[in-house]
Amino acid sequence: MPEMPEVESLVRFLRPVCVGRTIARVDLVAFSALKTYDPPLTALSGLEIDGVERHGKFIDIGAQGLHLVFHLARAGWLRWKDEVSDKPPPRKGPLALRFRLDDGSGFELTEAGTQRKLAVHVTADPSSIPHVATLGPDPLSDAFDAEVFADLLQRAGRSQLKGVLRDQKIIAGIGNAYSDEILHVARLSPFKGANTLTDEERDRLFTAIKEELAGAIERAEGLAAKDLKGEKKAGLRVHGRKGETCPVCGDTIAEVSFHDSSLQYCPTCQTGGKKLADRRLSKLLK
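In terms of numbering that gives the first Met the number 0, the sequence shown has 42 at position 43, counting the first letter as 1, and numbering is strictly consecutive.
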């Protein structure tokens with residue numbers, strides 16, 4: 000799933016190649032992706048792009064008062080093309096939307112797999128989109144400071160840190176992969192209660208959030224959209240690396256599986272050497 004660092008990198012890639020250009024046409028292929036109907040997609044044609052912004056994991060292309068806002072969900076991606084085909088798009092396959100600029104360049108939104116969760120909105124006000132309106136603070140904004148973070152953790156109560164970091168209403172932009180990375184750097188169990196942290200643990204977690212996300216964006220600086228996935232995978236130390244060696248302590252990276260996802264962690268670095276129970280297996284044994 001593209002998370003905030005990849006989405007921010009896509010925004011930085013799109014901004015110089017889109018701003019100032021005119022939208023030639025937008026073709027919808029996967030009708031399930033479009034979540035708004037007024038104004039229609041056709042209203043974007045002929046408008047000049049004046050901004051490309053990010054709201055959490057949402058990309059917002061602004062054009063003379065209208066906004067094309069989209070969320071890539073778990074299996075979506077953006078493919079930039081220097082020359083977008085002007086032929087009718089295929090009705091089968093991963094293609095969800097085709098976006099063409101006046102110079103012939105543009106991008107395609109694709110979604111792999113059978114689940115269709117990629118979401119596209121056309122609106123005059125991005126804050127009218129429910130999932131945008133309820134986003135928590137952006138972790139890389141100046142407003143997200145240690146005091147704000149401490150208050151968020153306190154209000155989260157005994158909710159587990161893994162879930163708190165992934166909750167878009169609490170903090171915008173962090174997903175499954177970077178929450179694993181952040182907790183590993185902070186040396187904290189994913190199941191530790193949010194309001195049980197000591198001041199020192201809270202400071203470690205706050206610093207890890209800032210540094211891990213900023214570092215991921217820095218590593219992706221200047222990369223083309225097609226190279227961002229590979230950069231993300233190469234930069235991960237624990238997420239998706241079950242059975243590999245922890246680069247910090249040399250222990251074996253472990254995993255906890257759930258019904259639709261999993262997390263990875265280092266027992267030595269994060270849980271005092273204790274192996275966490277596999278939640279999917281534990282449920283089956285009850």
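The C-beta atom is built at its ideal place from N, Cα and C for all residues, glycine as well.
Owing to the predicted nature of the structure, the values given are computational and were not obtained by experimental measurement.
query	result
Among R97, A155, L100 and A276, which one has its Cα closest to the Cα of L196?	A155
Can you look up D277 in the DSSP assignment and give me helix, strand or coil?	coil
Evaluate Q63 with the Cβ neighbour count: other Cβ atoms within 10 Å of its Cβ, from every protein chain shown; 16 or more gives buried, anything less gives exposed.	exposed
Do three or more CB pairs link the region 130-142 to the region 159-175 at distances below 8 Å?	yes
In whole angstroms, give me the CA-to-CA distance for E243 and D259.	22 Å
If you scan the region 118-202 from start to end, which runs of the beta strand (DSSP E) of 3 or more residues do you find wholly inside it?	118-122
Quick check on F257: does DSSP put it in helix, strand or coil?	coil
Using the DSSP secondary-structure output, state which residues sit across from F30 in a beta bridge.	Answer is none; F30 lacks a bridge partner.
Could you round the C-beta distance between I252 and Q269 to whole angstroms and report it? I think they count as a contact, below 8 Å.	The Cβ separation is near 10 Å, so there is no contact.
Determine which residues share a DSSP beta bridge with T251 and list them.	T244
Output the distance between the C-alpha atoms of D85 and L96, rounded to the nearest integer angstrom.	13 Å
Note down, one range per segment and in chain order, each beta strand (DSSP E) of at least 3 residues found wholly within the region 71-102.	75-80 and 94-100
Under three-state DSSP, which class holds V51?	strand
My guess is that L108 and G75 are in contact by the Cβ rule of under 8 Å, so how many angstroms apart are they, rounded?	6 Å
Helix, strand or coil: which one does DSSP assign to R11?	helix
Could you tell me which residues DSSP puts in a beta bridge with A62?	L65
Nearest to A185 by alpha carbon, out of G192, R201, G172 and N194?	R201
Does R236 pass the burial test, meaning 16 or more other C-beta atoms within 10 Å, or should it be called exposed?	buried
Could you spell out the range, first to last residue, of the alpha helix (DSSP H) harbouring L46?	No alpha helix (DSSP H) holds L46; DSSP gives it neither H nor E.
Just curious, the beta strand (DSSP E) that T109 is in, first and last residue?	G105 to E110
Are F98 and G105 closer than 9 Å when you measure CB to CB?	yes
Give the DSSP-derived three-state secondary structure of R24 in the structure shown.	strand
Kindly indicate which residue of E180, I181 and F148 has the alpha-carbon position closest to the one of D198.	F148
If you measure between the beta carbons of H130 and A118, is that distance less than 9 Å?	yes
By DSSP, does L262 sit in helix, in strand, or in coil?	strand
Between the C-alpha atoms of F12 and Q153, what's the straight-line distance to the nearest angstrom?	37 Å
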